[in-house]
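For the protein sequence lines, the chains are D and U, in the order given.
Each residue of the first sequence is one higher than the one before, starting from 49 at the first, in the numbering used here.
Each residue of the second sequence is one higher than the one before, starting from 72 at the first, in the numbering used here.
For reference, the structure discussed in these notes is given below.
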Amino acid sequence: MNVRLATANTKVLIGVLIAAAVIVAIVAVVRLDTTGKRGSGLGKEFVYDVGDLAKIDPNLILYKESTPAIDTGFTKTQAIAVDSEGSIYAAGDKAIRKFAESGNLLGETRLAGMPRCLTVAGDGQVYVGFKEHLEIYDAQGKRLATWQRLGDDAVLTSIAVSKNDVFVADAGNRIVHHFDTTGKLINRIGARDMDRNIPGFVIPSPYFDLAVGRDGLLRVSDPGRHRIEAYTFDGDLEFSWGGFSAGIEGFCGCCNPVNFAILADENFVTCEKGLIRVKIADPDGAFVGVVAGPEQFVEGGASRVSEYGPGAQAGAFDVAVDTSGRIFVLDTHKGVVRIFTRKKGE
Amino acid sequence: MIRLVYIIIGTAFLLLSSGTASGFERFPPPDFESGYQQPTPANPAPRRNIYEYVDTAVLLAGLSLSSYLVLRTRSRRAILALCVFSLFYFGFWRKGCVCPIGAIQNIALSIFDRDYAVPITVMLFFLLPLVFTLFFGRTFCAAVCPLGAIQDLVVLRPISVPEWLEGGLRMFAYVYLAAAVLFAATGSAFVICRYDPFISFFHLSGNFHLLILGACFLLVGVFVGRPYCRFVCPYGVILRQLSRISKWKVAITPEECIKCRLCEDSCPFGAIRAPTADWPAHDYNKSKKRLAFLIILLPVLVFSSGWIGYALRPVTSRVHATVRLADRVYLEETGQAEETTDASSAFRGTGKDIQELYAEALDIQAGFGLGGWLAGGFVGLVLAGKLIAVSLRRRRTDYQADRAGCLACGRCFEYCPQEHAKRKLAKDN
Numbered sequence: 049m050n051v052r053l054a055t056a057n058t059k060v061l062i063g064v065l066i067a068a069a070v071i072v073a074i075v076a077v078v079r080l081d082t083t084g085k086r087g088s089g090l091g092k093e094f095v096y097d098v099g100d101l102a103k104i105d106p107n108l109i110l111y112k113e114s115t116p117a118i119d120t121g122f123t124k125t126q127a128i129a130v131d132s133e134g135s136i137y138a139a140g141d142k143a144i145r146k147f148a149e150s151g152n153l154l155g156e157t158r159l160a161g162m163p164r165c166l167t168v169a170g171d172g173q174v175y176v177g178f179k180e181h182l183e184i185y186d187a188q189g190k191r192l193a194t195w196q197r198l199g200d201d202a203v204l205t206s207i208a209v210s211k212n213d214v215f216v217a218d219a220g221n222r223i224v225h226h227f228d229t230t231g232k233l234i235n236r237i238g239a240r241d242m243d244r245n246i247p248g249f250v251i252p253s254p255y256f257d258l259a260v261g262r263d264g265l266l267r268v269s270d271p272g273r274h275r276i277e278a279y280t281f282d283g284d285l286e287f288s289w290g291g292f293s294a295g296i297e298g299f300c301g302c303c304n305p306v307n308f309a310i311l312a313d314e315n316f317v318t319c320e321k322g323l324i325r326v327k328i329a330d331p332d333g334a335f336v337g338v339v340a341g342p343e344q345f346v347e348g349g350a351s352r353v354s355e356y357g358p359g360a361q362a363g364a365f366d367v368a369v370d371t372s373g374r375i376f377v378l379d380t381h382k383g384v385v386r387i388f389t390r391k392k393g394e
Numbered sequence: 072m073i074r075l076v077y078i079i080i081g082t083a084f085l086l087l088s089s090g091t092a093s094g095f096e097r098f099p100p101p102d103f104e105s106g107y108q109q110p111t112p113a114n115p116a117p118r119r120n121i122y123e124y125v126d127t128a129v130l131l132a133g134l135s136l137s138s139y140l141v142l143r144t145r146s147r148r149a150i151l152a153l154c155v156f157s158l159f160y161f162g163f164w165r166k167g168c169v170c171p172i173g174a175i176q177n178i179a180l181s182i183f184d185r186d187y188a189v190p191i192t193v194m195l196f197f198l199l200p201l202v203f204t205l206f207f208g209r210t211f212c213a214a215v216c217p218l219g220a221i222q223d224l225v226v227l228r229p230i231s232v233p234e235w236l237e238g239g240l241r242m243f244a245y246v247y248l249a250a251a252v253l254f255a256a257t258g259s260a261f262v263i264c265r266y267d268p269f270i271s272f273f274h275l276s277g278n279f280h281l282l283i284l285g286a287c288f289l290l291v292g293v294f295v296g297r298p299y300c301r302f303v304c305p306y307g308v309i310l311r312q313l314s315r316i317s318k319w320k321v322a323i324t325p326e327e328c329i330k331c332r333l334c335e336d337s338c339p340f341g342a343i344r345a346p347t348a349d350w351p352a353h354d355y356n357k358s359k360k361r362l363a364f365l366i367i368l369l370p371v372l373v374f375s376s377g378w379i380g381y382a383l384r385p386v387t388s389r390v391h392a393t394v395r396l397a398d399r400v401y402l403e404e405t406g407q408a409e410e411t412t413d414a415s416s417a418f419r420g421t422g423k424d425i426q427e428l429y430a431e432a433l434d435i436q437a438g439f440g441l442g443g444w445l446a447g448g449f450v451g452l453v454l455a456g457k458l459i460a461v462s463l464r465r466r467r468t469d470y471q472a473d474r475a476g477c478l479a480c481g482r483c484f485e486y487c488p489q490e491h492a493k494r495k496l497a498k499d500n
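Here's what the structure looks like:
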């Protein structure tokens, strides 16, 4: 009798176990999120909020927007430059437009292709970079020269002109071409050469800027390494500064800074994409302050930074400076030039 | 008892090592204050093509060996050893992919989508077990299938499932096969892979719900032998039919059956059929009438099931991402949903015409309508066939392994005194 009872109890227990397992299995299948709409299910503590990084301590912001933004009128803007007289040149939509400080349009030069970069030399000549070659115009917009094509792989992204030298950053070939002012190639700078302790540039996206410093050294951004490198005109790497950090003192994201300019006091203005930040660093790379951050650049403030991600990746902002220390930021999203001046007493 | 401890330890190890691992794609990457140097991102190299052929060769060798062990050697121990090997090779080493069960979907998609090409190795994985089943019975299920192997190892206290319940539950496998082919053919989803209960174990990582599902199958499998193989496996449905007509078949006894009934309870899968008595005359007449009625009912069942499959197209088509997207966009456009989803935002970002999206979704839904007719009709046909089979009686004089249901595990060999006698004789000689 007891044996039969025990057998019956065991059968009931097995039945209950099987029924429970079947019910749990059905619940597991029903609750399986096949479309991903329920998210990861992780708590708040696991969420990485980029919005927090976009918030910048107001005490660090040393600049303010001094005048209304200048509307370039372009659908797609690429680059800006400022000449010694304070006129602003903007490149975009197969044209170069020249604006007065007040924002009045002073002139327009139509181009055969989409310009990718430009600079204005001390003599007023405008150097315009296209994808594979460079053209030179006078201040009235007359084309003076067209230089040799640099190959199908070339993607020109920046030009710097000193007294006798012209430097062209080529993101496609990850190299800087060094010409004289007649367009004759002198040398190439930055190619990987471990004998000369040159690691080569890491350029994950078509942002590769350069400028000539007052100390006579060529400064080149190496966005993949999050730094700015200093080269002699002969191509020797002298030093570099900068490093990765999501903090305000470093360069964040995959590849920053995307653009930079050198102020009259030899400080650097750096511009980052993604988390859009324009900052000031001293000649040794030490953080000085902020010109403007995502809250100033992105409509709706920090909370919308993420939504600007893809756009910011596609069209990074450009920066230029004038002799009085004003900073010009080309907002490629809105197609406007925003002008920042240092706050008094900062 | 020792076996129970092993099973508990093994299951606990699998559960612990299969915990869910989730992560966010982070931009920008987090800072480290400890001086940690972030490594350079690197993608693992793709698996070399040669290994696909190695896998196929191992499958072929496994099938050959399994067939030899089942039909010639008749050694349960050797079959079990091969089972363990297959579990580790095809399961844990190859992580359960590619497998013949999932390959059904690749084949179905390749038939209906001309842009989709099936790799030769996937084709071989699908075909080889079928060919072997045609000749030797379900020797793939016996010791080569990793899903079968993992269940086979936990059969601890098998109980018998009543025949009516077994037959009813098995209908699910047919429905699952029809659904899997429908969703694969329409390019919607590979549901067999999506709901594979053991994939989390094989990957030692995965979705928490699938892990629970797999654990439930193993728990049920302790008492009901190989529940996935018997009641769910869509590939098993095909193998069942081929096994019915296989050239050689598993025999419980190597000699004449002496009807000792020792083997009767040896099969944990309910695949041993007892000898049948003569059919009483009144039962025979009743069954004849029932058979006639069911044959008349067959087209009705096929049609009604097909219609149900067709009528379910608004539900079934939602498995397709485009239909889901069109539904969502419609809700947003008509103000029934206020917030956008990632998918609807991405669609709007493309600038494509919404009407085109609706038209595409309707096209897909029409495909589900036709597919629903076919899938439903298939299920109706199977149901009618099963009802008809109940009205038929096969005459058996011996204890026999059911040709369709026998998984060729070899457990019954050990119970047969004729087997022991033969082995003793062989040993003495």
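We put the CB at the ideal spot given by N, CA and C, even for glycine.
Here's a check: name, in chain order, each residue in its chain whose Cβ is nearer than 7 Å to the Cβ of residue i, leaving out the five neighbours to either side.
i              : result
R390 (chain D) : L110, Y111, G373
T167 (chain D) : A129, Y175, I207, A208, V209
A309 (chain D) : A259, V317, V367, A368, V369
I435 (chain U) : T257, S388, H391, T393, V394
T204 (chain U) : F211, L310, L313, S314, S317
Taking residue i and residue j to be in contact with their CB atoms under 8 Å, please state how far apart those CB atoms are, rounded to whole angstroms.
i              : j              : result
R185 (chain U) : A479 (chain U) : At roughly 38 Å, the Cβ-Cβ gap does not stay under 8 Å, so R185 (chain U) and A479 (chain U) are not in contact.
V291 (chain U) : I66 (chain D)  : 5 Å
G263 (chain U) : G173 (chain U) : At residue 263 (chain U) the sequence reads Ile, which differs from the Gly that was named. About 5 Å; that satisfies the 8 Å criterion.
C331 (chain U) : I343 (chain U) : Not quite, the Cβ-Cβ distance comes to about 13 Å (not below 8 Å), so this is no contact.
F439 (chain U) : S388 (chain U) : 4 Å
G170 (chain D) : S132 (chain D) : 6 Å
Could you name the residues of the same chain whose beta carbon sits closer than 6 Å to that of residue i, not counting the 5 residues immediately before and after it, in chain order?
i              : result
S351 (chain D) : In this predicted model, S351 (chain D) has a pLDDT of only 44, less than 50, meaning its place in the structure is not dependable; the value taken from the coordinates is given anyway. Cβ neighbours of S351 (chain D) beyond the five flanking positions: G99.
F345 (chain D) : I324
G291 (chain D) : H274, G298
A127 (chain D) : A139, C165, L166, D366
K318 (chain U) : F206
S288 (chain D) : R275, E277
E180 (chain D) : R197, L198, A202
G337 (chain D) : L108, L110, I328
G172 (chain D) : A187
Give me the DSSP bridge partner(s) of residue i.
i              : result
N307 (chain D) : D:C319
L204 (chain D) : D:D218
G476 (chain U) : Per DSSP, none; premise fails for G476 (chain U).
S288 (chain D) : D:E277
Y185 (chain D) : D:V174, D:R191
With a threshold of 8 Å between beta-carbons, can residue i be considered close to chain B, or not?
i              : result
R419 (chain U) : The structure shown has no chain B; the protein chains it does contain are D and U.
Less than 8 Å between C-beta atoms, sequence neighbours within five positions excluded: which residues of the same chain meet that for residue i?
i              : result
I459 (chain U) : L362, L365, I366, L369
I144 (chain D) : Y137, A138, E156, T157, L159, P163, L166, V174, V176, Y185, G189
C170 (chain U) : F161, F196, C216, P217, L218
E490 (chain U) : R145, T324, P325, F484
V64 (chain D)  : none
L428 (chain U) : T393, L396, A397, V400, F418
G94 (chain U)  : Interpretation of G94 (chain U) is limited by its pLDDT of 39, a score under 50 that renders its predicted location unreliable; the figure taken from the coordinates is listed afterwards. Contacts found: none.
A497 (chain U) : none
What is the residue span of the alpha helix (DSSP H) that residue i lies within?
i              : result
G172 (chain D) : Where G172 (chain D) is concerned, there is no enclosing alpha helix (DSSP H), given that its DSSP letter is neither H nor E.
T257 (chain U) : Counting along the chain, T257 (chain U) falls outside any alpha helix (DSSP H), and DSSP gives it neither H nor E.
S462 (chain U) : Where S462 (chain U) is concerned, there is no enclosing alpha helix (DSSP H), given that its DSSP letter is neither H nor E.
S358 (chain U) : 352-382
R421 (chain U) : Strictly speaking, residue 421 (chain U) in this sequence is Thr, with Arg absent from that position. That run of the alpha helix (DSSP H) goes 413-421.
D424 (chain U) : From DSSP, D424 (chain U) is part of no alpha helix (DSSP H); its letter is neither H nor E.
F302 (chain U) : 298-302
Tell me which residue opens and which closes the beta strand (DSSP E) that residue i is part of.
i              : result
D379 (chain D) : 375-379
K320 (chain U) : Note, K320 (chain U): premise wrong, no beta strand (DSSP E); not H, not E.
F388 (chain D) : 384-390
R325 (chain D) : 325-329
If you scan the region 71-104 of chain D from start to end, which runs of the alpha helix (DSSP H) of 4 or more residues do you find wholly inside it? 98-102
Contained beta strand (DSSP E) runs [length at least 3] in the region 223-277 of chain D, N- to C-terminal order: 223-228, 233-237, 258-260, 266-270
Whole beta strand (DSSP E) runs in the region 170-211 of chain U with 3 or more residues, listed along the chain? none
Could you give the uninterrupted runs of the beta strand (DSSP E) lying entirely in the region 101-181 of chain D, keeping only those of 3 residues or more? 111-113, 125-130, 136-140, 143-147, 153-158, 165-168, 174-177
Which parts of the region 261-296 of chain U are runs of the alpha helix (DSSP H), unbroken and 4 residues or longer, counting only runs that do not cross its ends? 262-265, 270-274, 279-294
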